[in-house]
Amino acid sequence: MQNPFENALKQLEKAADIMNLDKNIHEILKQPDRVLTVSVPVRMDSGEVEVFTGFRSQYNDALGPYKGGIRYHENVSIDEVKALSFWMMIKCATVNIAMGGGKGGIIVDSKKLSESELERMSREYVRKIWREIGSDKDVPAPDMYTTPKIMGWMRDEYEKLVGHADPGVITGKAIPDGGSEGREQATAQG
Numbered sequence: 001m002q003n004p005f006e007n008a009l010k011q012l013e014k015a016a017d018i019m020n021l022d023k024n025i026h027e028i029l030k031q032p033d034r035v036l037t038v039s040v041p042v043r044m045d046s047g048e049v050e051v052f053t054g055f056r057s058q059y060n061d062a063l064g065p066y067k068g069g070i071r072y073h074e075n076v077s078i079d080e081v082k083a084l085s086f087w088m089m090i091k092c093a094t095v096n097i098a099m100g101g102g103k104g105g106i107i108v109d110s111k112k113l114s115e116s117e118l119e120r121m122s123r124e125y126v127r128k129i130w131r132e133i134g135s136d137k138d139v140p141a142p143d144m145y146t147t148p149k150i151m152g153w154m155r156d157e158y159e160k161l162v163g164h165a166d167p168g169v170i171t172g173k174a175i176p177d178g179g180s181e182g183r184e185q186a187t188a189q190g
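Numbering-wise, my numbering puts 20 at position 20 of the sequence shown, and it's gapless, one number per residue.
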């Protein structure tokens, strides 16, 4: 299987050649600004602690805060989140949205977790990345196997940590939690 980040860099190379991109800008775009790798310890319902690995990639904030989803899947990798944050940065720039690219995830088969384990894991992940997110820094959203309920837990945990309301820190929340009508259909519609 091809490395997704290597694939993204090949696409960057082709585009840079076609548009005669300045070499300095090309060089800047070859790496994300930051990639976090975090340990996410979770007390399971059995009482045992399981430690999951989480990531958050932030790709070029020249246009504005980073923006992108958080996925829960057993095949999440650092190269996948780097590639997806790169593509998010490209998508935002292409349509003049003043945001950079972001993507995160946890290596987990979330379908095997109870709802309380899922909540504890989601809140712990936010405790690990909260200093790097915020409505003016990096705005996570739902992605594979994350839901409006999970986004609500994440927003709640973030606000507890910062000590004030910041409803824009997370998108994709349920409507009663400040979410937007049509959010679930929006991604499918482009």
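For glycine and all other residues, C-beta sits at the position ideal for the given N, C-alpha and C.
With respect to the 8 Å criterion, Y145 and S110 are classified as neighbours on the basis of their beta carbons. In the DSSP assignment, I70 falls within the unbroken beta strand (DSSP E) covering 66-73. For A16, there is no enclosing beta strand (DSSP E); the enclosing alpha helix (DSSP H) has its first and last residue at 4-18. Around G54, the same chain offers V38, V40, I106, Y125 as residues with beta carbons nearer than 6 Å, after the five sequence neighbours per side are excluded. Residue pairing for L36: DSSP places it in a beta bridge opposite R56. For D79, the uninterrupted alpha helix (DSSP H) run begins and ends at 78-94, by DSSP. Shown here, K160 sits in a helix according to DSSP, grouped into three states. In the DSSP annotation of this structure, the continuous segment of the beta strand (DSSP E) that includes I107 starts and ends at 100-107. Here G163 is exposed. Its C-beta has fewer than 16 other C-beta atoms within 10 Å.
Taking a contact as a CB-CB distance under 8 Å, the pair E117 and V42 counts as one, their CB atoms being some 6 Å apart. Approximately 5 Å separates the beta-carbon atoms of A141 and G69; this is inside 8 Å, confirming the contact. In the DSSP assignment, V139 forms a beta bridge with K67. Remark: C-beta atoms of G102 and K149 do not approach each other more closely than 8 Å. Just measuring C-alpha positions, the residue of I78, H26, E157, K112 sitting nearest R131 is E157.
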